[in-house]
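**Q**
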Amino acid sequence: MPGRHYSKFTPPSLSMSELVCQKLDNDATDMLIDKWLERPHRPDSYYDWFQRVRERKHAANANARREQILLWNKGVFVPENIFTRTVDTGRLIPLDRTWVTHVYHHRSMKRLTMMPVIFSMLPELMLLRGMHDRGCDDIYVIVTDLKRHEMDQVSEYFQYVCQHTSSGDCKPSVERKINHDYIQLNNTLDRNRRTPCFPQIDLTLRAILYEKRPPFIVLFSHQTMSYSQILFANPHFVPAQEVYYDFPSGCPNPGCTDNCCELIRFPKQGADTAAVLCTKKKVRYRYGRRARPKEMCNWIDCDVCFSDEAPVGGAAAVEGSSEGSSDGSEASVDDHGGARTHANFAGLICSRCKLVKYCSPEHQRLDWEEHRRIFDTSTLFMASIYGLADSTVVLPLCSYGHVTDANSEVRAAEPRQFPRRLRVLVALLSLYSVSAICSGIDQIRLLGPQAVNLWRLEAARKTAAGSVPSALGSQEALLVEQPSGGDYSWDELNVDDDTDDVDRGLEYKYPEQWFTQPLDHFLSENASEPRHTFRQRYWISTRNYRPGPRAPVIVLDGGETSGVDRLPFLDTGIVDILTRATGGVGVILEHRYYGSSVPVQNFTTDSLRWLNNAQAAADSANFMAKVQFPGIQEDLTAPGHPWIYYGGSYAGARAAHMRVLYPELVYGAIASSGVIHASIENWEYMEIIRRAADPTCSRNLQHSIELIDALLDISITRKPLKALFGLAGLEHDEDFVSLLESPLGAWQAKVWDPEVGSTRFDEFCDALNQPFEHGGDAEVAFDDDTGLLKVDENLSVPVSVYNYAKWIRKNYVSQCSGEWISRQCFGTFDDAKFQETTLDQTWRLWLFQVCTEWGYFSTAPPADHPRIVSRRLTLEYESKTCKQAFPPGEHVVVPHLPNVTVVNALGDYDIEADRLAIIDGEVDPWRPVTPHSEYARDREDTLLRPFKLIPNAVHHYDEYGRRNSSEEPPEIQKIHKEMINFVVSWLWSWKPSNVSST
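Using the UniProt record's numbering, you'd call the opening residue of the sequence shown number 1 and step up by one each time.
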């Protein structure tokens with residue numbers, strides 16, 4: 001009851017909790033499992049652990065009664081093929097059981113999805129769910145921001161409270177200790193500004209345990225250097241040490257063996273190291289479920305129980321001890337499980353596995369379609385692959401007790417259709433993929449399917465003007481089928497860069513250099529595949545180099561564009577600024593697959609499988625550790641020399657990741673507008689523009705979009721409205737409103753330097769705000785009384801909508817001419833438009849990274865929220881290009897939604913390290929996914945950990961520079977001086993004898 005008194009010594013009510021509960025249903029869980037399975041199998045510590053389990057074969061030493069076992073004998077790596085013993089019913093069931101997750105969190109996180117929280121500990125939850133037949137249809141998680149030592153203290157407190165108050169009144173000494181520890185914890189967490197506060201954590205956790213009685217509850221911490229704790233209600237519910245003793249810690253670093261890096265504290269050493277709330281196995285306590293193991297019929301819908309209160313690990317039932325029958329047996333109904341206990345019936349043991357029991361042959365037949373996968377999964381799996389799912393499949397049936405007939409067969413009348421994941425994942429034995437900039441790439445990042453159309457129109461315009469080479473012919477080979485020593489180069493493929501907007505004098509001034517990289521850094525030493533390599537391009541500037549032990553290498557990550565586009569930063573931008581101040585060497589390192597660093601002969605789904613965050617980071621690490629710069633005698637490789645890693649936008653996130661992943665090589669890093677938080681939806685991008693734009697323009701945009709959405713809902717106004725914009729032939733409303741979003745992408749192109757930046761957005765706003773000129777357009781009539789323009793018999797619109805339409809016609813529709821019609825130019829529902837895979841289709845690169853790891857689909861904001869984009873821009877529409885452009889390949893299947901946890905596991909909003917600088921722009925539309933986001937905590941700005949926000953700045957403003965710094969705006973001069981200051985400070989602390997210092 002809401003008014004109920006809260007006490008530390010009596011169970012509270014969940015209605016008293018002020019935490020927000022977000023529920024993820026079974027479908028959401030199923031989708032998360034799909035995404036987890038779509039991760040690359042190698043390097044993957046969980047996959048390797050399951051392989052070890054497969055080799056150990058726990059069933060060899062188990063029995064048909066109580067031991068915990070985990071089986072994966074046949075078939076591919078999917079939950080349907082992995083079986084675990086339940087600790088409450090003794091059944092052997094697959095791990096494909098889903099559940100509903102109830103996530104309790106502080107109200108400040110109410111706008112965030114909790115799916116990444118569950119995804120980060122999905123393997124552990126799958127195993128725990130599989131271990132509990134009953135009571136785990138619902139899993140409870142409390143989200144906190146506790147640090148490691150605080151989580152230790154809170155866990156100890158709850159164990160003490162539950163163990164000493166479970167049976168009622170407690171001793172005065174115990175009461176004093178609980179009061180003391182409670183006050184101490186409350187003061188500590190309050191002083192450190194932890195959310196939620198400790199009283200809410202205490203109230204919610206004990207209320208869940210008392211009212212819901214789950215076998216376990218998870219205290220999740222989103223602190224980077226902390227862990228999440230599993231609190232078990234009883235020792236019976238803890239995973240067995242002999243099965244899970246080498247379970248991985250969950251650290252995103254594949255080579256990590258340090259348990260201190262664990263993301264969730266999974267009890268690998270059994271009950272001795274687990275956080276158990278009640279150690280009294282036979283006490284009916286108030287907190288959590290009653291621990292009463294049973295041995296039940298293995299058919300999931302059967303409630304027959306052969307024994308109750310059976311000890312875990314007890315003696316096995318002797319094979320053949322199936323004496324007795326169900327006829328005349330004594331049955332009783334258990335007060336918790338509802339099982340009918342048959343005291344005089346020991347059950348019928350499956351003679352094939354000798355691990356489970358059935359109450360009757362009929363129930364074994366009913367269970368056979370599932371249970372058979374322990375033995376003969378491959379037969380049925382291959383049948384489903386080759387289209388035999390509807391055929392009759394003959395398989396041996398398990399026999400019962402001693403009645404073993406080796407020749408017995410059963411003809412399956414309705415062979416089981418294998419689950420969707422199993423059919424889709426036949427090709428999944430490896431995977432994956434991961435990039436941000438200005439130009440056409442940004443439109444692909446922001447505007448979803450429509451952006452590809454705009455890219456094509458611009459490419460067609462440039463081709464007609466003769467400024468870019470003609471499109472490549474089709475490539476027959478999938479990959480560069482050349483082992484080491486036989487690399488293809490971009491020149492051999494006769495492809496040029498699209499560098500018409502770049503000063504070619506810089507290319508002459510800084511000649512391109514090449515470095516040989518492995519195509520797959522994570523290919524095992526004994527792998528049978530050939531070891532492909534490719535050439536990665538880079539540029540070097542030594543004009544400021546002064547040899548010395550502290551002379552750094554300033555490397556700028558090229559990000560998701562040609563490295564040629566970054567050469568201005570080497571000449572007058574941030575690289576030149578920092579090398580001039582430190583006497584260092586400047587380097588631009590081109591990203592794999594971009595520019596000329598292309599390792600494949602086409603951009604099919606399979607060919608793009610090495611385009612991901614991990615491979616790109618390994619490229620940079622390998623380059624830093626092995627490169628020998630031309631014309632420099634000194635060995636400048638890391639870790640023997642200080643390297644400062646700089647990046648802006650996507651490359652900024654990579655800079656931060658490099659400092660975290662390779663601290664022994666990256667002495668310092670600067671993340672400028674670093675998009676360190678990957679998200680499925682990115683509606684906040686447009687929200688920044690709405691709030692920061694000229695108020696009149698923003699207001700006109702908002703009113704125009706709201707009216708356009710309303711007019712599209714009315715059948716008689718839909719077509720004349722599209723005709724007003726020159727798009728009468730555009731069938732789908734989503735394509736129409738997506739094109740209307742296009743001018744907004746120009747906000748990001750704003751730069752303080754007029755020679756570099758774009759004024760396109762301001763021009764759009766000026767046009768939108770223009771008053772109507774009488775006599776300017778004879779086809780429309782202006783009504784002075786209403787202020788509306790009558791453009792059709794059924795349609796009148798405000799001036800702002802009319803101006804919006806003029807802008808779209810002039811700047812976009814006008815490009816669609818000749819034989820092209822609006823449907824061909826701006827339609828996005830024809831899959832064929834997205835399936836060209838030749839090397840000139842560079843739009844596929846960043847889109848592949850979006851679809852696999854980064855997300856950022858630009859959707860409409862939540863309902864009732866002010867907006868400058870149409871509510872028709874849904875996640876389904878914005879993400880559909882992933883399916884259209886990247887059909888399943890032989891080696892890769894692009895996930896239904898991107899696996900953003902791969903990125904966020906590296907630190908997310910809380911990413912931090914000594915000598916990692918965070919620099920962002922105040923009105924950068926990407927700010928919501930940087931550490932300066934409103935969703936992120938505030939930080940102190942120090943020399944060791946700079947945390948700076950540039951006033952009125954948009955996207956990585958600090959990256960640009962002028963030869964004469966006095967020509968820079970004051971805020972840019974200031975940030976450049978501060979950057980020089982902290983980099984010089986870092987370098988003074990550098991010692992060759994302490995290069996591994998982090």
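Using N, Cα and C, we set each Cβ at its ideal position, and we do this for glycine too. This one's a predicted model, so the numbers in the text were calculated from it and none came from an experiment.
For TYR210 versus PHE198, is the C-beta spacing smaller than 9 Å?
**A** Taking 9 Å as the Cβ cut-off, TYR210 and PHE198 do not qualify as a contacting pair.
**Q** At the level of alpha carbons, what is the spacing between GLN824 and VAL813?
**A** 11 Å
**Q** Report all residues from its chain with a CB closer than 8 Å to the CB of ARG265; omit the five preceding and five following residues, and keep chain order.
**A** Contacts found: TYR227, SER228, GLN229, ILE230, ALA275.
**Q** So who's on the other strand from PHE947, going by DSSP bridges?
**A** ILE918
**Q** Are PHE886 and TYR804 touching if we call contact CB-CB under 9 Å?
**A** no
**Q** Closer than 9 Å, CB to CB, is LEU949 near chain C or not?
**A** Among the chains in the structure shown there is no chain C, since it carries only a single protein chain.
**Q** Across the segment 716-723 and the segment 882-896, are there enough close Cβ pairs to call them in contact, namely three or more that are closer than 8 Å?
**A** no
**Q** Are GLY130 and THR165 close, meaning C-beta to C-beta below 9 Å?
**A** no
**Q** For my contact list, ALA917 and ALA671 are in at a C-beta cut-off of 8 Å; report their separation, rounded to the angstrom.
**A** Going by Cβ atoms, the distance from ALA917 to ALA671 rounds to 7 Å, so yes, they are a contact pair.
**Q** For the candidate residues ARG111, PRO79, GLU156, whose alpha-carbon lies nearest to that of GLU124?
**A** Among ARG111, PRO79, GLU156, the Cα nearest to that of GLU124 belongs to PRO79.
**Q** Return the chain-ordered list of same chain residues with a C-beta closer than 6 Å to the C-beta of GLU476, the five sequence neighbours on each side being excluded.
**A** Only weak support is given to the placement of GLU476: the predicted model assigns it a pLDDT of 27, under 50, and the value that follows is read from those uncertain coordinates. Cβ neighbours of GLU476 beyond the five flanking positions: none.
**Q** Measuring straight from C-alpha to C-alpha, what distance separates GLU369 and GLU362?
**A** 13 Å
**Q** If you measure between the beta carbons of LEU127 and TYR47, is that distance less than 9 Å?
**A** no
**Q** Within this structure, are the beta carbons of ILE705 and VAL869 separated by less than 9 Å?
**A** In contact: ILE705 and VAL869 (Cβ atoms closer than 9 Å).
**Q** Based on DSSP bridge pairs, tell me the residues matched to ILE670.
**A** TYR646, ALA917
**Q** Looking at CYS297 and GLN163, is the spacing between their C-beta atoms short of 9 Å?
**A** no
**Q** In or out: SER7 buried (at least 16 other Cβ within 10 Å) or exposed?
**A** exposed
**Q** With a threshold of 6 Å on Cβ separation, who are the neighbours of ILE554 within its own chain once the five nearest residues in sequence on each side are excluded?
**A** VAL575, LEU578, THR579, GLY584, GLY586, ILE644
**Q** Between ALA581 and GLU853, which are expected to be in contact by the criterion C-beta below 8 Å, what is the C-beta distance as a whole number of angstroms?
**A** That pair is no contact at about 35 Å.
**Q** By the three-class DSSP mapping on this structure, what secondary structure does PHE77 have?
**A** coil
**Q** Are there 16 or more other CB atoms within 10 angstroms of the CB of GLU793, so buried, or fewer, so exposed?
**A** exposed
**Q** State the DSSP-derived secondary structure class of GLY757, mapped to helix, strand or coil.
**A** coil
**Q** If distances are taken between C-alpha atoms only, which option among GLN159, THR224, TRP299 comes closest to THR89?
**A** TRP299
**Q** Three Cβ pairs or more, each shorter than 8 Å: is that satisfied between the segment 762-772 and the segment 681-698?
**A** Touching, per the Cβ criterion.
**Q** Below 8 Å CB to CB, which residues in the same chain sit around ASN26 once its five sequence neighbours on both sides are set aside?
**A** THR98, TRP99, VAL100
**Q** Let me know if SER649 comes out buried or exposed under the rule of 16 or more other beta-carbons within 10 Å of its beta-carbon.
**A** buried
**Q** For a test of the three-state rule: what should DSSP assign to MET114, helix, strand or coil?
**A** In the structure shown, MET114 sits in coil (DSSP, three-state: anything other than H, G, I, E or B).
**Q** Where does the unbroken alpha helix (DSSP H) through VAL161 begin, and where does it stop?
**A** 148-165
**Q** Where DSSP assigns a beta bridge to TYR140, which residues make up the other side?
**A** Note: TYR140 is bridge-paired with HIS102 in the DSSP secondary-structure output.
**Q** Helix, strand or coil for SER17 per DSSP?
**A** coil
**Q** Name the two residues that bound the continuous beta strand (DSSP E) containing residue 1019.
**A** The structure shown does not extend to residue 1019, since the chain is modelled only from 1 through 998, so no value can be given for it.
**Q** Note down the Cα distance separating HIS371 from TYR667, rounded to an integer number of angstroms.
**A** Those two C-alpha atoms are separated by around 54 Å.
**Q** According to DSSP, is TYR47 helix, strand or coil?
**A** helix
**Q** Enumerate in chain order the residues of its own chain whose CB-to-CB distance from GLN973 is below 7 Å, with the five nearest sequence positions on each side excluded.
**A** SER965
**Q** In terms of residue numbering, what span does the beta strand (DSSP E) encompassing ILE540 cover?
**A** 533-541
**Q** Alpha carbon to alpha carbon, how far is ILE82 from HIS955? Give it in angstroms, no decimals.
**A** Between HIS955 and ILE82, the C-alpha separation is close to 48 Å.
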